[in-house]
Amino acid sequence: MLHRLILALPLLLLVACSNAPTPSLTPEIETPSPEPVYLPLYPGGADDLAAEARRVVSPLSAESSQATLRLGKGRASVMAASPDGRWLAIGGLAGITVYHAATLTEHWSAIVDADTLGAIVFSPDSETLIVGGDDQQLTRFSLEDGALIDKIDIPFTFVMDLDVSADGRFIAVGGDNRVHLVDAGDGTILWRESRIAPGPQAVAFSPNGAQIAAGWSDGSLIIYDTSSAETVYRRELGGAVIGELAWSPDANTVYAALLVSNQVALVDLQETRQPTDNAPDDEALSAEVQPPIRLLAGRRFLLAPDGENILLGSLEGEIRRRDLASGQTQQRYTQLADWTVELAWINGASAFAALDRSGTVTLWDYASAEMLARLTDHMDQPGTQLDYSLDGEHIVAGDIAGQISIWSLETQSRISHFQAHQGAILALDYSFDGQFLLTAGEDDVVQVWDAETLLPIERWINDTGETLVTAQWHQADGSIFIALRGGVLLWRPNRNVDGFQYPRTDQVNSFDAWFGPTIGPLRQAYGSDSTVAYFLDPQVTGDWSRLEAPVQLYGVSELAWSPDGLKLAGTAGGRLTVWRPSNVESEVLYHERGPGNALAWSRDSQYVLSGSTGGGTSILITHVESGAVTTLSGHAGPIRDLVRSPSGEQFASIGHDGTIILWDWSAVLATALNNP
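Residues in the sequence shown are numbered consecutively from 407, following this note's numbering.
Right, here's the structure in full:
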C-alpha cells in the first residue's frame, strides 16, 4: 500500500480461539484520536521550502547519506571462485558481491549496468573479476577493493558465458549465436564465429589456451583454434542443451553438462572406448558415435584438480562425488535447498561451494562431506510490494514468487520468510492496530494473517471470473476492499462479501482509499483503462456520485491519496498527474511525464515519490507546487513499490533486483536544497 495515515483510529480485531471455531474479526470502535499535528521539516516553512525546491538537483546515490539501509542482495544466478581459492563471487539481479571464501564475510559489492548477469569469471592471477550480462559490455573490477577497472564494449545482447586463458591474455565470450575472442589487454575483439543455433551457453579454454570449446543449445560441441578461429573438432551430443564445459588436465577429454537430459557427457578426444557390462545403473554408454561418449547422471559438475574424481549436482538437492575410473560413488553431500546451479573449488580445493536454484550458497568439506557454512543472503526474488508495521520496527516485502519476507529494522536481519501465495504478491497491508497482515496474490486469494504468529486467519478465494488487482483494509470498520478488473468488492471477514461497490462499467487497474483521523470521511478512487473515477466522502454525505479526473488518463497503473486527503496522484501512459479532487471543479496541480507505477507521498503532502518500472532504475521526488524533481538512484532494476514509514521520517523502496532500500527523508530534502 502506497500511503499511510500518521494517526488513525485504532482497530481492535478479536480472534476467538476454541475447538476450531471461526475467528471473529468484528471491530470495537474507540473514541477518535485528535487530529495529527505535522511539524515543518525546515524552519522557513512551506513557502520558503517550495521556493528552494524549484531547483532541479543532480541524481543522488544510494551509497550516500540519503540511503540509511539496504536489505537483501537479490536472487543469485551466477557464482565463481578465484583460482587461488580465496574469494567467492556471487552475482544476480542486484549486482556482484565478493566474499572471503573461508569465512563467507563480505569483501565488497558493486552494482553493475546489466539488469541480468550471465557470467562472471576471475583472471588467472586472482586480481580481476570480469562480469558479463545484458548490457552489451564486459565490466572488470579490481578484486582488492572492488574498484572499476574498465568496461569493454561488445556487440552482445546477452553474455551467456566467459572464460579467460591460463596466461590471462584472452577472454572467450559466448552468447548471441557466436563466439568472440577478446584481447584481455586492450579489449579488442580479435575474431568472432557465428552459427544459426542459439548459444553458446558455455565456453572453455583448453589448459594451454590453444583451443576454445563451445557448447551450443542444439547440442553441438565445437572446438576452435584460438589463433586462427578454425574449427578443429565438432561433435553432436544428441540435441541436448550444453550448459557447462571443462577440459581434463591432459586436454584429452571434454566434459559437457547436458541440461535437458540432466547428464554429464565425457567426450574422449583421443581413444575409442567400448561399452562394458558392469557399468553402474546411472551410467549409460554409447558405441554409435565416434569418439565414444560416456554419460553420467548429473546436471552440473566440478572436476577434481587431480582429474580422478568428479562432483555431480542433481535435481534432487544432492551432490555426489564419483570416481572416474570405477564410476562408483565415493561420497554424498545432501541438504541442498534445490537443484545445483554452480559448483566451485575454494580453499585450495579442500572445500567447494554450491549455488542452488533457490539462491542459497553452501560450503562443503570435500573429504568429509561436512557442511561448513550456508549463505542465504541471495535468495530474494524480484520484489513487488512493501509495507511498514504500525510501530515502524519491521518492514514486510512480497515478491513475484508469492514469498513474503519480514525484516527487523533494529537488527537489520530477516526474521521470517514464508510462502504466502502461488503467484506474485499483489498487495500487503497491515491493519491499523498492527495485529493483522493482509495479502493478495496472483493465485486469486486474499488472505488475513496473524501479524505476530503469521498463522493464517481467514481467506477469500476469487471465484468471480474477474482478475484480482489488489486489496486494502477499510481501516474504519475492519472490512477489506478487494479490487477486481470488473469492479470493487467489500469483504467483511467472518461475515460476508458485499456486492460490487461501483457500476461495473470500467476495467479496474488500480485502487486506493483514504481514511481521515476519525471514522470518516472516506475517499476512494480507482483507475481504469480510460480514466480515474473517485468518490468524495460518500459515507458521510451519502452521495455516491461518480467523479472523474479532470484530464484524460489511459491505462492508470497506480493511484495514491495524499496524507491530508486533499490531493490524488496517478500514473498513466508514462505521465504523473496530481490534482485536487472536487465535486465542483477539480484543480490540476501537476501533469508531466514521469516514470512508473510505484507511488507514495511525503508526510506533509507536498512531494510525490514515483518509481520507474520500465528500463530505468530511478526514484523521482516531485515537488507538486513547483514541479522541481530530485532523482534518487540505488537499485539495479526497475522500482516496484514505494512506501512511507509511519513516522514519515523514512521511506522504503523495493526493486526488481529484490533489494529494499530505506531512505532518510530529511537527508533527501536537505541534499535537494544544497545541490542546484
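Each residue gets a CB set at the ideal place from its N, CA and C atoms; glycine is no exception.
Would you check if the distance between the CB atom of Trp-1071 and the CB atom of Arg-1050 is smaller than 9 Å?
Counting from 1 along the sequence shown, the entry for residue 1071 is found at position 665. Counting from 1 along the sequence shown, the entry for residue 1050 is found at position 644. Their beta carbons are under 9 Å apart, which means Trp-1071 touches Arg-1050 by this criterion.
CA-CA distance, Asp-797 and Trp-813?
Within the sequence shown, residue 797 is the residue found at index 391, counting from 1. Within the sequence shown, residue 813 is the residue found at index 407, counting from 1. Computed Cα separation, rounded: 13 Å.
If you compare alpha carbons, which of Val-802, Pro-956, Leu-974 is closest to Glu-964?
Numbered from 1 along the sequence shown, position 558 holds the residue referred to as residue 964. For Glu-964, the nearest C-alpha among the options comes from Leu-974.
Residue burial classification, Gly-979 (beta-carbon count within 10 angstroms, cutoff 16)
To locate residue 979, count along the sequence shown from 1; it is residue 573. Under this definition Gly-979 is an exposed residue.
Ile-1066 and Ile-801 look like a contact to me (Cβ under 8 Å); what is the Cβ gap, rounded to whole Å?
Within the sequence shown, numbered from 1, the residue matching residue 1066 stands at position 660. Within the sequence shown, numbered from 1, the residue matching residue 801 stands at position 395. Contact flag correct, Cβ pair sits at about 7 Å.
Under 9 Å, do Ser-811 and Ser-822 count as touching if we go by C-beta distance?
Position 405 of the sequence shown, counting from 1, holds the residue named residue 811. Position 416 of the sequence shown, counting from 1, holds the residue named residue 822. Yes. Within cutoff.
Does the distance from the C-beta atom of Gly-1033 to that of Ser-1016 stay below 9 Å?
Residue numbering aside, residue 1033 sits at position 627 when the sequence shown is read from its first letter. Residue numbering aside, residue 1016 sits at position 610 when the sequence shown is read from its first letter. No, the Cβ-Cβ distance between Gly-1033 and Ser-1016 is not below 9 Å.
Does the count of Cβ pairs from the stretch 650-657 and the stretch 633-642 closer than 8 Å reach three?
no
Determine the closest residue to Gly-892 out of Glu-872, Ile-886, Asp-883, Ala-882, with distance taken between C-alpha atoms.
Reading the sequence shown from its first residue, position 486 is the one you call residue 892. With distances taken between Cα atoms, Gly-892 lies closest to Glu-872.
Which first and last residues belong to the beta strand (DSSP E) in which His-1029 is found?
The sequence position of residue 1029 within the sequence shown is 623, counting from 1. Segment 1024-1029, the beta strand (DSSP E) holding His-1029.
I believe Thr-534 touches Ser-548 by the beta-carbon criterion, under 8 Å. Please report the beta-carbon distance rounded to the nearest angstrom.
Your numbering for residue 534 matches position 128 in the sequence shown. Your numbering for residue 548 matches position 142 in the sequence shown. Rounded, the Cβ-Cβ distance is 7 Å, consistent with contact.
Do Ala-1042 and Leu-596 have their beta-carbon atoms positioned less than 9 Å apart in this structure?
Counted from its first residue, the sequence shown places residue 596 at position 190. Counted from its first residue, the sequence shown places residue 1042 at position 636. Cβ atoms of Leu-596 and Ala-1042: not closer than 9 Å.
Give me, in chain order, the residues of the same chain whose beta-carbon lies closer than 7 Å to that of Gly-645; leave out the 5 immediate sequence neighbours on both sides.
Locating residue 645 in the sequence shown gives position 239, counting from the first residue. Contacts found: Asp-624, Gly-625.
Pick from Val-767, Leu-702, Ile-699: whose alpha carbon is nearest that of Gly-723?
What you label residue 723 is simply residue 317 of the sequence shown in a count that begins at 1. Nearest C-alpha to Gly-723: Val-767.
So, for Trp-897: in the same chain, excluding its five sequence neighbours on each side, which residues have a beta-carbon less than 6 Å away from its beta-carbon?
By 1-based counting over the sequence shown, the position of residue 897 is 491. Within the same chain, Trp-897 has close Cβ partners Trp-866, Ile-886, Ile-888, Val-903.
Considering only heavy atoms of the ligand SAH, does any lie closer than 8 Å to the CB of Ser-483?
Inclusion of the ligand SAH in the displayed structure is not the case, the ligand content being empty and no account of it being possible.
Asp-569 lies in the beta strand (DSSP E); which residues open and close that run?
Position 163 of the sequence shown, counting from 1, holds the residue named residue 569. Segment 567-570, the beta strand (DSSP E) holding Asp-569.
Between the Cα of Glu-848 and the Cα atoms of Ile-699, Ala-507, Ala-833, which residue gives the shortest distance?
Within the sequence shown, the letter at position 442 stands for residue 848. Checking every option, the nearest Cα to that of Glu-848 belongs to Ala-833.
Check this for me: beta carbons of Gly-491 and Trp-751, under 9 Å apart or not?
As a first step, residue 491 must be located in the sequence shown, where it is residue number 85. As a first step, residue 751 must be located in the sequence shown, where it is residue number 345. Result yes, Cβ atoms of Gly-491 and Trp-751 sit closer than 9 Å.
Going by the beta-carbon positions, is the gap between Asp-569 and Ile-602 smaller than 9 Å?
Locating residue 569 in the sequence shown gives position 163, where the first residue counts as 1. Locating residue 602 in the sequence shown gives position 196, where the first residue counts as 1. Contact flag unset, no.
How about Arg-705 and Asn-668: do their beta carbons lie closer than 9 Å?
The residue given as residue 705 occupies position 299 in the sequence shown. The residue given as residue 668 occupies position 262 in the sequence shown. Yes, Cβ-Cβ distance for Arg-705 and Asn-668 is below 9 Å.
Please name the residue in Leu-890, Glu-748, Ile-1060 whose C-alpha comes closest to that of Asn-868.
Counted from its first residue, the sequence shown places residue 868 at position 462. Of the candidates Leu-890, Glu-748, Ile-1060, the one whose C-alpha sits nearest the C-alpha of Asn-868 is Leu-890.
Using a Cβ-Cβ cutoff of less than 8 Å, which residues in the same chain neighbour Pro-465 once the five nearest sequence positions on both sides are dropped?
Within the sequence shown, numbered from 1, the residue matching residue 465 stands at position 59. Its pLDDT being 34, under 50, Pro-465 is placed unreliably by the model, and the measurement read from it follows with that caveat. Closer than 8 Å at Cβ, skipping near neighbours: Ser-1024, Thr-1037, Leu-1038, Ser-1039.
Between Ala-1076 and Gln-472, what straight-line distance do the alpha-carbon atoms span, to the nearest angstrom?
By 1-based counting over the sequence shown, the position of residue 1076 is 670. By 1-based counting over the sequence shown, the position of residue 472 is 66. Roughly 9 Å between the two C-alpha positions.
Looking at the strands, I want to know which residues DSSP matches up with Phe-824.
As a working note, residue 824 is residue 418 in the sequence shown. Ile-810.
On the premise that Tyr-794 lies in contact with Pro-1052, defined as a C-beta separation below 8 Å, what is that separation, rounded to the nearest angstrom?
Taking the sequence shown and counting its residues from 1, the one referred to as residue 1052 is at position 646. Taking the sequence shown and counting its residues from 1, the one referred to as residue 794 is at position 388. So it is a contact: roughly 6 Å between Cβ atoms.
Can you tell me where the beta strand (DSSP E) with Pro-914 in it begins and where it stops?
Position 508 of the sequence shown, counted from the first residue, corresponds to residue 914. Note that residue 914 is Val in the sequence shown, not Pro. That run of the beta strand (DSSP E) goes 914-921.
For Lys-557, which beta-bridge partners are listed by DSSP?
Working through the sequence shown from its first residue, we reach residue 557 at position 151. According to DSSP, Lys-557 bridges with Thr-545.
Mapping DSSP to helix, strand and coil, what is Leu-896?
Taking the first residue of the sequence shown as 1, we reach residue 896 at position 490. The answer is strand: DSSP assigns Leu-896 an E or B state.
By Cβ distance, which residues of its chain are closer than 6 Å to Gln-828, with the 5 residues on each side in sequence left out?
The residue labelled residue 828 in the question sits at position 422 within the sequence shown. Result list for Gln-828: Gly-808, Asp-849, in chain order.
Glu-458 (DSSP reduced to helix, strand or coil):
By 1-based counting over the sequence shown, the position of residue 458 is 52. In this predicted model, Glu-458 has a pLDDT of only 30, less than 50, meaning its place in the structure is not dependable; the value taken from the coordinates is given anyway. Helix.
Going by beta-carbon coordinates alone, are Glu-858 and Gln-841 separated by less than 9 Å?
Position 452 of the sequence shown holds residue 858. Position 435 of the sequence shown holds residue 841. Result yes, Cβ atoms of Glu-858 and Gln-841 sit closer than 9 Å.
Going by alpha carbons, who is nearest to Ile-536 out of Gly-574, Gly-933, Arg-820, Leu-861?
Mapped onto the sequence shown, residue 536 falls at position 130. It is Gly-574 whose Cα lies nearest to the Cα of Ile-536.
Extent of the continuous beta strand (DSSP E) run through Glu-964
The residue you call residue 964 lines up with position 558 of the sequence shown. Counting along the chain, the beta strand (DSSP E) containing Glu-964 begins and ends at 962-967.
In three-state terms, what does DSSP make of Ser-532?
Taking the sequence shown and counting its residues from 1, the one referred to as residue 532 is at position 126. Ser-532 falls in the coil class under three-state DSSP.
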